[in-house]
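Q:
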Amino acid sequence: MSARGKARRRALDILFEAELRGEDPLKILAERVERREPPVNEYTSTLVEGVARHHARIDELITTYAEGWTLDRMPAVDRNLLRGGTYELLWIPDVPEGVVISEWVHLAGELSTDESPQFINGLLARFKQLKPSLTL
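Its first residue numbered 1, the sequence shown is counted upward by one per residue in UniProt numbering.
Now the structure itself:
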């Protein structure tokens, strides 16, 4: 797994843990950075901080475009995969869009339901298509 792939996985772990604990992901991130076990990659921090900063807009986009699914009905891991992928896709311009989608779909395949990779792929691909028209 690439360094950025590991960073995405670690960011997902932090976002997921924060949701399950009902805590701010920035608090969980700060705890992990301080503990340094395992070390927190700079890109992990970028992803978690970005998702936290744009959380309301990201959830609004997911809610708007996830046909037939509400955020509450999605598995928690899928919500956080989509949050991380949406942030990276829409707010980090130096990573190719196809790579972003592929990496988050790969994580879905490893960590979620059999249907999740297709769902994550479809929604992130839709955001890629709509990116020029989305108000960020």
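Don't be surprised by glycine CBs; every beta carbon is placed ideally from N, CA and C.
The structure displayed is predicted, hence computed values, not measured ones.
Distance check for residue 75 and residue 117, CA to CA, integer angstroms please.
A: For this step, residue 117 is matched to residue 117 along the sequence shown. For this step, residue 75 is matched to residue 75 along the sequence shown. When rounded, the distance between both Cα atoms is 12 Å.
Q: According to the neighbour-count rule (16 or more other Cβ atoms, all chains shown, within 10 Å of its Cβ), is residue 3 buried or exposed?
A: Stepping through the sequence shown from its first residue, residue 3 is reached at position 3. Burial call: exposed.
Q: Quick check: the Cα distance between residue 49 and residue 108, rounded to an integer number of angstroms?
A: Start at 1 with the first residue of the sequence shown, and residue 49 comes out as number 49. Start at 1 with the first residue of the sequence shown, and residue 108 comes out as number 108. So the alpha carbons of these two residues sit roughly 21 Å apart.
Q: Is the number of C-beta pairs between the segment 50-60 and the segment 78-92 that are closer than 8 Å three or more?
A: They touch, by the three-pair rule.
Q: Applying the criterion that 16 or more other CB atoms from any shown protein chain within 10 Å of the CB defines a buried residue, is residue 133 buried or exposed?
A: Walking along the sequence shown from the start, residue 133 turns up at place 133. Looking at its Cβ environment, which holds fewer than 16 other Cβ atoms inside 10 Å, residue 133 is exposed.
Q: At a cut of 8 Å, does the segment 41-48 reach the segment 10-19 through at least three beta carbon pairs?
A: These segments touch.
Q: In angstroms, rounded to a whole number, what distance separates the CA positions of residue 64 and residue 30?
A: Working through the sequence shown from its first residue, we reach residue 64 at position 64. Working through the sequence shown from its first residue, we reach residue 30 at position 30. Distance between the alpha carbons of residue 64 and residue 30 is about 31 Å.
Q: For the UniProt domain "NusB/RsmB/TIM44" (6-128), which segments carrying the alpha helix (DSSP H) assignment without a break, of at least 4 residues, lie completely within its bounds, in sequence order?
A: Within the UniProt domain "NusB/RsmB/TIM44" (6-128), the complete alpha helix (DSSP H) runs of at least 4 residues are 25-35, 42-53, 55-65, 76-91 and 97-111.
Q: Buried or exposed: residue 70, going by 16 or more other Cβ atoms within 10 Å of its Cβ?
A: Position 70 of the sequence shown holds residue 70. Exposed is the call here.
Q: Would you mind giving the Cβ-Cβ distance between residue 66 and residue 41, rounded to the nearest angstrom? I have them listed as a contact below 8 Å.
A: Residue numbering aside, residue 66 sits at position 66 when the sequence shown is read from its first letter. Residue numbering aside, residue 41 sits at position 41 when the sequence shown is read from its first letter. Contact flag wrong, Cβ pair sits at about 29 Å.
Q: Could you have a look at residue 133 and say whether DSSP puts it in helix, strand or coil?
A: Looking up residue 133 in the sequence shown gives position 133. It is helical.
Q: Hey, residue 77 and residue 112: beta-carbon distance below 7 Å or not?
A: Counting from one through the sequence shown, the residue named residue 77 turns up at place 77. Counting from one through the sequence shown, the residue named residue 112 turns up at place 112. Yes.
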